[in-house]
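Undergrad: Here you go, one structure.
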Amino acid sequence: MNGSILINLVSAQPVPSLIPALDPRFGVTEVILLVTEQMRPQAKRLARVFKRHDIPCRTWEEAAPPFDPQGMEDLCFRVVESFPDGQPLLLNATGGTKIMALVAANLFSSLDRGRVLYVDTAQGLIHFLYPGRQKPFRLEPVLGISDYVTAYGLHPKIPRKTWRRGEPLPALPASARLLAENAALLDRLLGVLNSAGSGVLDPDRKAEAWPRKIFLDGYFSRTKMVSRILSQLEHEGLLSFDRANLVAISSEEAARYLSGGWLEEYVFARACAAGADEVSWSQVVSWDDPGEKPIANEFDCLIMDDNRLYLLECKTSRFLPGASEVVYKLDSLKDKIAGIYGQGALVSARQLPDHILSRAKARRHRVFTPEELKNFTFVLKEWLNGG
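For the sequence shown, my numbering begins at 1 and goes up steadily by one.
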């Protein structure tokens, strides 16, 4: 199949259009996008991904008719005739409307130089519809996080940290490990640290120099484990005790760490250890939407594994009765950035109320509880493998 021209039928779900083009087994040298008027913005997004991989791509100028069999057949003939005889043509019949896909597949299967494939992301297979009697290919992990989010209309910025399979595992601060692995027993302490970190970041204290002092407001038992954690936080230079429960928080970065950054870093490190293909921590993206000020979002942790994107939202604050904002946010962002192939999860270091658990379950989001953080690498690996 080396030297093939890939013809993609563009639809709202971009992943099946990307995979064959980026898989070296297909030897794609150019991509042609057949697109309806409605899908032209999606074609531009796909073209940006192909450009990043130095794959020539062009959108066929004539719009594809979504519900006109004869018109679609005529269009396909014009596409075929634009290439010299003997040029291998590979049709990806996964996208488009059903009429577009059926008509195109029928025409390309009548050509000696034509091949037709279908990308089955659910089963992880690429099926060859023509010629037949060829075993399906297992999908190879060819998509990166930037590829995936770009195809959904986002412009990724450089994340705080990123890791790819084969690289050394990132170091994990001892304080993050202690807090996460003992989270189920530290509810009060986590609340106190979260409040302290958020407190010194109050806008009213913006002009105040660092370090900034604040009382660890709230009761928590000074158990052996709590004392060990506080000593470790002090050892790492995040805070220092002035007297009793009055502490000085060293920097803005330290404050953000105490108010939840530690959980994000823990999740990032454990996701890398779980053997994912790529992991990003604190990934900021801006959206395609027009406007003077583009809309931006920050994702705590993004995982790419086997061409599927996973969104993880990390929370260390307590949920108020009736509050479901975090689940609604996960709903919205998962649909927009990951589509039908991606999955979302909420990672909480605090006990969750029943209404949050019910809402997340109804929306098929995975919820990782404080108890699961202790063996999070194993639990996460199980989830990524479909468990």
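Beta carbons: idealized from backbone N, C-alpha and C, even for Gly.
#1: Which of the three DSSP states, helix, strand or coil, is assigned to residue 55?
#2: In chain order, what residues of the same chain have a beta carbon less than 6 angstroms from the beta carbon of residue 306, not counting five sequence neighbours either side?
#3: Using the rule of at least 16 other Cβ atoms within 10 Å of the residue's Cβ for burial, across every protein chain shown, is residue 300 buried or exposed?
#4: Using three-state DSSP, classify residue 368 as helix, strand or coil.
#5: Taking residue 195 as the reference, which of 167, 150, 242, 260 has the closest Cα?
#6: Beta carbon of residue 126, beta carbon of residue 175: below 8 angstroms?
#7: From what residue to what residue does the beta strand (DSSP E) around residue 278 run?
#8: Below 8 angstroms, how does it come out for the stretch 264-277 and the stretch 365-384: are there three or more Cβ pairs, yes or no?
#9: If I'm right that residue 451 touches residue 197 with Cβ under 8 angstroms, what's the distance once you round it to whole angstroms?
#10: Since residue 93 contacts residue 9 with CB under 8 angstroms, what's their CB separation in whole angstroms?
#11: Mind the definition here: the stretch 103-121 touches the stretch 72-88 only if three or more C-beta pairs lie below 8 angstroms; say whether that holds.
#12: Taking contact to mean 3 or more Cβ pairs, one atom from each stretch, closer than 8 angstroms, check whether the stretch 345-355 and the stretch 307-321 are in contact.
#13: Run through the DSSP bridge pairs and tell me what residue 106 is partnered with.
#14: Any contact of the stretch 276-286 with the stretch 156-165, i.e. 3+ C-beta pairs under 8 angstroms?
#15: Please check the pair residue 90 and residue 49, which I expect to be a contact at CB under 8 angstroms, by giving their CB distance rounded to whole angstroms.
#16: Could you check the C-alpha separation between residue 133 and residue 116 for me, to the nearest Å?
#17: Please classify residue 60: does DSSP put it in a helix, a strand, or coil?
#18: Going by CA-CA distance only, name the one from 11, 81, 336, 6 that's closest to residue 389.
#19: In whole angstroms, what is the alpha-carbon distance linking residue 130 and residue 295?
#20: Should residue 339 and residue 13 be called a contact, given that it needs their Cβ atoms to be closer than 8 angstroms?
#21: Pick out the complete beta strand (DSSP E) segments inside the stretch 225-281, 3 residues or longer, and give them in chain order.
#22: So, helix, strand or coil for residue 13, using DSSP?
#23: In terms of alpha-carbon separation, which member of 153, 102, 4, 246 lies closest to residue 70?
#24: Could you work out which residue in 238, 46, 365 is closest to residue 262 when comparing CA atoms only?
#25: Report buried or exposed for residue 25, applying the criterion of at least 16 other Cβ atoms within 10 angstroms of its Cβ.
#26: Go ahead and label residue 244 buried or exposed: buried means 16 or more other beta carbons lie within 10 angstroms of its beta carbon, across all protein chains shown.
#27: Output the residue ranges of the beta strand (DSSP E) runs that lie fully inside the stretch 295-338 and measure 3 residues or longer, sorted by chain position.
#28: Sort out for me which residues DSSP pairs residue 35 with in a bridge.
#29: Where does the unbroken alpha helix (DSSP H) through residue 192 begin, and where does it stop?
#30: Using a Cβ-Cβ cut-off of 8 angstroms (strictly less than) and excluding sequence neighbours within five positions of residue 173, which residues of its own chain qualify?
#31: Using CA atoms only, rank isn't needed, just tell me which of 298, 267, 357 is closest to residue 413.
#32: My understanding is that residue 124 touches residue 138, with C-beta atoms under 8 angstroms, so please give their C-beta distance in whole angstroms.
#33: Exposed or buried, which one is residue 385 when buried takes at least 16 other CB atoms within 10 Å?
#34: Just grab the DSSP bridge partners of residue 162 for me.
TA: This is what the structure gives:
#1: As a working mapping, residue 55 is identified with position 55 in the sequence shown. Coil.
#2: Here the question's residue 306 lines up with position 306 in the sequence shown. Same-chain partners within the cutoff: 141.
#3: Along the sequence shown, read from residue 1 onward, the residue named residue 300 stands at position 300. Under this definition residue 300 is a buried residue.
#4: Numbered from 1 along the sequence shown, position 368 holds the residue referred to as residue 368. Here residue 368 sits in strand by DSSP.
#5: Within the sequence shown, numbered from 1, the residue matching residue 195 stands at position 195. Nearest option by C-alpha distance: 260.
#6: Against the sequence shown, residue 126 aligns to sequence position 126. Against the sequence shown, residue 175 aligns to sequence position 175. Not a contact, by the Cβ cut-off of 8 angstroms.
#7: Residue numbering aside, residue 278 sits at position 278 when the sequence shown is read from its first letter. Per DSSP, the continuous beta strand (DSSP E) segment holding residue 278 begins and ends at 278-287.
#8: Yes, the stretch 264-277 touches the stretch 365-384.
#9: With the chain represented from 1 up to 387, any question about residue 451 goes unanswered, as that position is not in the structure.
#10: Taking the first residue of the sequence shown as position 1, residue 93 is located at position 93. Taking the first residue of the sequence shown as position 1, residue 9 is located at position 9. Yes, residue 93 and residue 9 are in contact; Cβ-Cβ is about 7 angstroms, under 8 angstroms.
#11: Yes, the stretch 103-121 touches the stretch 72-88.
#12: Touching, yes, given that three or more Cβ pairs across the two stretches are closer than 8 angstroms.
#13: As a working note, residue 106 is residue 106 in the sequence shown. BP columns for residue 106 are empty, so no partner.
#14: Yes, the stretch 276-286 touches the stretch 156-165.
#15: For this step, residue 90 is matched to residue 90 along the sequence shown. For this step, residue 49 is matched to residue 49 along the sequence shown. The C-beta distance from residue 90 to residue 49 rounds to 18 angstroms, too long to meet the 8 angstroms contact threshold.
#16: Residue numbering aside, residue 133 sits at position 133 when the sequence shown is read from its first letter. Residue numbering aside, residue 116 sits at position 116 when the sequence shown is read from its first letter. The straight-line gap from Cα to Cα measures roughly 13 angstroms.
#17: Looking up residue 60 in the sequence shown gives position 60. It is coil, neither helix nor strand.
#18: Limits of the chain in this structure are 1 at one end and 387 at the other, which puts residue 389 out of reach.
#19: Numbered from its first residue, the sequence shown carries residue 130 at position 130. Numbered from its first residue, the sequence shown carries residue 295 at position 295. Approximately 44 angstroms, taken between the alpha carbons.
#20: The residue labelled residue 339 in the question sits at position 339 within the sequence shown. The residue labelled residue 13 in the question sits at position 13 within the sequence shown. Yes, the Cβ-Cβ distance between residue 339 and residue 13 is below 8 angstroms.
#21: Correct list: 239-243, 246-249.
#22: Locating residue 13 in the sequence shown gives position 13, where the first residue counts as 1. DSSP, read as helix, strand or coil, puts residue 13 in coil.
#23: Here residue 70 is taken as the residue at index 70 of the sequence shown, counted from 1. In terms of Cα proximity to residue 70, the closest of 153, 102, 4, 246 is 102.
#24: In the sequence shown, the residue the question calls residue 262 occupies position 262. Nearest option by C-alpha distance: 238.
#25: Position 25 of the sequence shown holds residue 25. When all chains shown are included, residue 25 counts as exposed.
#26: Sequence index remark: in the sequence shown, residue 244 carries index 244 (1-based). It counts as exposed.
#27: For the stretch 295-338, whole beta strand (DSSP E) runs of length 3 or above, ordered along the chain, are 296-305, 308-315.
#28: In the sequence shown, the residue the question calls residue 35 occupies position 35. DSSP lists no partner for residue 35.
#29: The residue you call residue 192 lines up with position 192 of the sequence shown. Segment 187-200, the alpha helix (DSSP H) holding residue 192.
#30: Position 173 of the sequence shown, counted from the start, is the residue given in the question as residue 173. Sequence-distant partners of residue 173 (beyond 5 residues in either direction) whose C-beta falls short of 8 angstroms from its own C-beta, in its chain, are 236, 262, 265.
#31: For the chain, the structure presents residues 1 to 387; residue 413 sits outside this window and is missing.
#32: Looking up residue 124 in the sequence shown gives position 124. Looking up residue 138 in the sequence shown gives position 138. The Cβ separation is near 6 angstroms, so the contact holds.
#33: Taking the first residue of the sequence shown as position 1, residue 385 is located at position 385. With fewer than 16 other Cβ atoms within 10 Å, it is exposed.
#34: Indexing the sequence shown from 1 puts residue 162 at position 162. Residue 162 pairs with 280.
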